[in-house]
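**Student:** Our numbering numbers the first residue of the sequence shown as 2 and each following residue consecutively. We put the beta carbon where it would ideally sit given N, CA and C, even for glycine. Sending over a structure as structure tokens; questions will come in a sec.
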Amino acid sequence: MNTFDYQKIDEILDKHQRSKQAVIAILQDIQETYNYLPEEIFPYVAQALGIGQARLYGVATFYADFSLEPKGKHIFRCCDGTACHVRKSRPILERLRSELALKEGATTTDDLQFTVETVSCLGACGLAPALTLDGEMHPNMTPDKAADLLHQLKKEEDHA
């Protein structure tokens with residue numbers, strides 16, 4: 002079982018005055034801290050806000066930006082919307098998965114350094130195929146460009 006610093010959770014709760022109305026902002030801050038929403042925080046936060054765990058869990062599972070699974074330090078989001086799909090976004094996704102040796106069904110590397118996700122739309126149809134890396138848009142992608150982007154990021158990490 003993971004050990005969590007509940008002091009960090011308390012700081013987040015206090016920042017939002019432990020307000021039920023701030024539940025989304027509280028969950029966003031917790032996710033930013035841990036890079037996902039650990040299951041252990043649900044009873045703690047629910048009690049602190051005076052709401053049911055089911056309601057808190059419902060909010061966390063309703064919004065696609067929340068994750069109950071650990072994500073990598075760096076997140077690739079590959080668009081598979083219509084414009085990107087017809088311009089061959091799938092080979093980009095497959096190349097990233099291959100380069101990172103992601104197991105079937107896995108989205109995050111075992112070392113929690115990289116996550117590769119597909120999204121329905123990045124809102125950049127004119128730039129298709131597109132992907133984001135840590136929120137930064139990368140247009141007109143190809144499998145080779147995506148692999149180069151990954152290799153450059155790995156080099157930067159090695160020198161950090």
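Where does MET2 sit, in a helix, a strand or coil, going by DSSP?
**Tutor:** Confidence is the limiting factor: at MET2 the pLDDT is only 43, short of 50, which leaves the residue's position unreliable and the question unanswerable from this model.
**Student:** How far does the alpha helix (DSSP H) with PHE63 in it reach, from first residue to last?
**Tutor:** Segment 54-63, the alpha helix (DSSP H) holding PHE63.
**Student:** Can you tell me whether DSSP reads LEU97 as helix, strand or coil?
**Tutor:** Helix at LEU97.
**Student:** Tell me the DSSP secondary structure of HIS17 in three-state form.
**Tutor:** The answer is coil: DSSP assigns HIS17 none of H, G, I, E or B.
**Student:** By Cβ distance below 6 Å, which residues in the same chain neighbour PHE115 in space, the five residues on each side in sequence not counted?
**Tutor:** Answer for PHE115: GLY73, HIS75, LEU101, listed in chain order.
**Student:** Can you tell me whether TYR35 is buried or exposed? The criterion is at least 16 other CB atoms within 10 Å of its CB, across all chains shown.
**Tutor:** It is buried - the Cβ of TYR35 has at least 16 other Cβ atoms within 10 Å.
**Student:** On the three-pair Cβ rule with 8 Å, is the segment 59-73 touching the segment 102-109?
**Tutor:** Yes, they touch.
**Student:** What does a CB cutoff of less than 6 Å around PRO144 pick up in its chain, not counting 5 residues either side in sequence?
**Tutor:** Answer for PRO144: PRO92, ILE93, ARG96, listed in chain order.
**Student:** Give the straight-line distance between the Cα atoms of MET142 and ALA23, rounded to the nearest whole angstrom.
**Tutor:** Roughly 38 Å between the two C-alpha positions.
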